[in-house]
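Before any comments, here is the structure.
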Amino acid sequence: MNAVAAAAPDTPVARATLSLADGADGSLILVLGGRLDAYSIADVWTQARAAVAAAPTRRIVVDASAVDYCDGGGVAMLVDLLREPRAADAAISVRGLRPEFQRLLDQFDLSVLAEPAHAPPVRINAIEEIGRAAAQLGRDMRTQIVFIGETASALWYAFTHPHRVRWKDVWYTCEQVGANALPIVALISFLLGVILAFQAAVPMRQFGAEIFVADLVGLAIVRELGVLMTAILLAGRSGAAFAAEIGTMKVNEELNALTTMGLDPVRFLVVTRIIAAVLMVPLLSLFADLIGVLAGGLTMLSFNIPIVTYLKEVDSIVDLKDVLAGLVKTPVFAILIAGIGCLRGLQTQTGASAVGISATRAVVSGIVLLVVVDGIFAVIYYILDI
């Protein structure tokens, strides 16, 4: 008979012992004794598992009649031994455990604690995939309709009760969306004007029509590219920031705290961001138009066209109608950027990558919808001959 003993370092009188014996019916008997507590079972636990693993085909009986004390650590060891997967004729059983310790062991349902069986992968056919996609599309549409309704209601409330709007948050968001975005908007608009003017001037120079580059650059930037590029930049910058901010709040359960305190997250978080975006996007678009047109004039200097001549040509072709045609889009773009960013933030799930996924979805959805809406405006302008 082999024996193993372990003692706790702080309680030298506490001992847990394990002895191995052969039963008359060929079974393996693990004789436990002493104190089965968290301090003394480490070595015994290791030896017991090794003995069980070394006898995979033998029935094993754990004899606990000599156990003087058993706490949660000892019960955990017994449960670990009992839930070891084995054949029916090589099962593990416990006998001789004192009633008070047996009641503690009986608190654990071994069927629940058993290792889950790995189910074979389920193959999903194409029809089921289509059905799931349609159901998910329906849920997404319902969520978006509810969000649009809540946002419209909250914006109307803010319009009719301006004193209830958190203007401090609005001005702070305006700074983040507007003032802090000026450098990147200026850089992209400048490069856009330079590239557009250069690419147009090279072929037009063959016909001596370099001056008409001013018409192309002025109309393209004022009516279309300046506004669209500004909106795309804000979708990647502010839209992702809105989604990340609100998504982080949801992961940290701050949105639940707001609801518990009686504060509507849409009014408290979404409305302020939409108002700030609506105020800032038109101003940024005008700024982008100015930088883009001036950048085109600087490019034309290399083609021996004075900047004054270039600006006079732009002034002759671009009128107030063209400027307004671009600015009319900006409130719609602003609502799309801020609304989609906030919606994706509110839809954030739990997990380490949830916030990143929400930010990515906000950027992708925002840019796609911006291009679609811009195309709709182009068709409307064509029909109305604007």
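Heads up, the final residue of the sequence shown is numbered 368 in my numbering, and it's a clean run with no missing numbers.
Positions of the beta carbon are idealized from the N, C-alpha and C atoms, including for glycine.
Predicted model, so just to flag it, every value in this text is computed and none were measured.
Status (buried if at least 16 other CB within 10 Å, exposed otherwise) for residue i
{"i": "S75", "result": "exposed"}
{"i": "F359", "result": "buried"}
{"i": "E295", "result": "buried"}
{"i": "F315", "result": "buried"}
{"i": "T242", "result": "exposed"}
{"i": "T(-7)", "result": "Residue placement at T(-7) cannot be trusted, given a pLDDT of 44 that sits under 50; the coordinates are not used to answer."}
{"i": "A115", "result": "exposed"}
{"i": "K232", "result": "buried"}
{"i": "T(-1)", "result": "buried"}
{"i": "I362", "result": "exposed"}
{"i": "V290", "result": "exposed"}
{"i": "F141", "result": "exposed"}
{"i": "V26", "result": "buried"}
{"i": "V184", "result": "exposed"}
{"i": "L216", "result": "buried"}
{"i": "R77", "result": "exposed"}
Range of the contiguous alpha helix (DSSP H) that encloses residue i
{"i": "Y364", "result": "336 to 366"}
{"i": "G16", "result": "G16 -> not in any alpha helix (DSSP H); beta strand (DSSP E) instead, spanning 10 to 18."}
{"i": "D151", "result": "149 to 159"}
{"i": "S284", "result": "First-last for S284: undefined, no H or E at that position."}
{"i": "T212", "result": "208 to 216"}
{"i": "A163", "result": "Counting along the chain, A163 falls outside any alpha helix (DSSP H), and DSSP gives it neither H nor E."}
{"i": "Q118", "result": "108 to 142"}
{"i": "G200", "result": "195 to 202"}
{"i": "E236", "result": "236 to 242"}
{"i": "G229", "result": "222 to 233"}
{"i": "V34", "result": "24 to 36"}
Residue i, DSSP secondary structure in three states
{"i": "S1", "result": "strand"}
{"i": "V76", "result": "strand"}
{"i": "V300", "result": "coil"}
{"i": "T332", "result": "coil"}
{"i": "Y292", "result": "helix"}
{"i": "P(-9)", "result": "Model confidence at P(-9) stands at a pLDDT of 42, short of 50, so the residue's coordinates are unreliable; what they give is reported in the following sentence. It is coil, neither helix nor strand."}
{"i": "F90", "result": "coil"}
{"i": "F83", "result": "helix"}
{"i": "Q188", "result": "coil"}
{"i": "A6", "result": "coil"}
{"i": "V104", "result": "coil"}
{"i": "L268", "result": "helix"}
{"i": "R65", "result": "coil"}
{"i": "L251", "result": "helix"}
{"i": "L276", "result": "helix"}
{"i": "L245", "result": "coil"}
{"i": "A(-15)", "result": "Because A(-15) carries a pLDDT of 46, less than 50, the predicted location of this residue cannot be relied on, and the following value inherits that uncertainty. Correct three-state label for A(-15): strand."}
Residue i versus residue j - alpha carbon distance
{"i": "A72", "j": "A35", "result": "12 Å"}
{"i": "A277", "j": "N286", "result": "15 Å"}
{"i": "L174", "j": "V353", "result": "17 Å"}
{"i": "T155", "j": "R255", "result": "6 Å"}
{"i": "A48", "j": "L10", "result": "17 Å"}
{"i": "I23", "j": "N234", "result": "39 Å"}
{"i": "V355", "j": "T330", "result": "25 Å"}
{"i": "L283", "j": "Q188", "result": "17 Å"}
{"i": "A32", "j": "L325", "result": "55 Å"}
{"i": "L2", "j": "L64", "result": "17 Å"}
{"i": "S220", "j": "D62", "result": "53 Å"}
{"i": "I177", "j": "L306", "result": "24 Å"}
{"i": "P81", "j": "R17", "result": "15 Å"}
{"i": "L328", "j": "I349", "result": "19 Å"}
{"i": "V(-5)", "j": "V13", "result": "Reliability fails at V(-5), whose pLDDT of 46 lies under 50, so the model's placement of it is uncertain and the value that follows must be treated cautiously. Roughly 19 Å between the two C-alpha positions."}
{"i": "G54", "j": "L87", "result": "9 Å"}
{"i": "F194", "j": "L309", "result": "24 Å"}
Enclosing beta strand (DSSP E) for residue i [first to last residue]
{"i": "R326", "result": "Note, R326: premise wrong, no beta strand (DSSP E); alpha helix (DSSP H) at 311 to 328."}
{"i": "V43", "result": "42 to 52"}
C-beta neighbour in chain C for residue i, strict 8 Å
{"i": "L251", "result": "Note that chain C does not occur in the displayed structure, where there is just one protein chain."}
May I ask you to verify whether the region 317 to 326 touches the region 220 to 227, counting CB pairs closer than 8 Å and requiring at least 3?
yes
Can you find at least 3 beta carbon pairs, one from the region 157 to 175 and one from the region 210 to 219, that sit closer than 8 Å?
yes
Do three or more CB pairs link the region 298 to 312 to the region 245 to 255 at distances below 8 Å?
no
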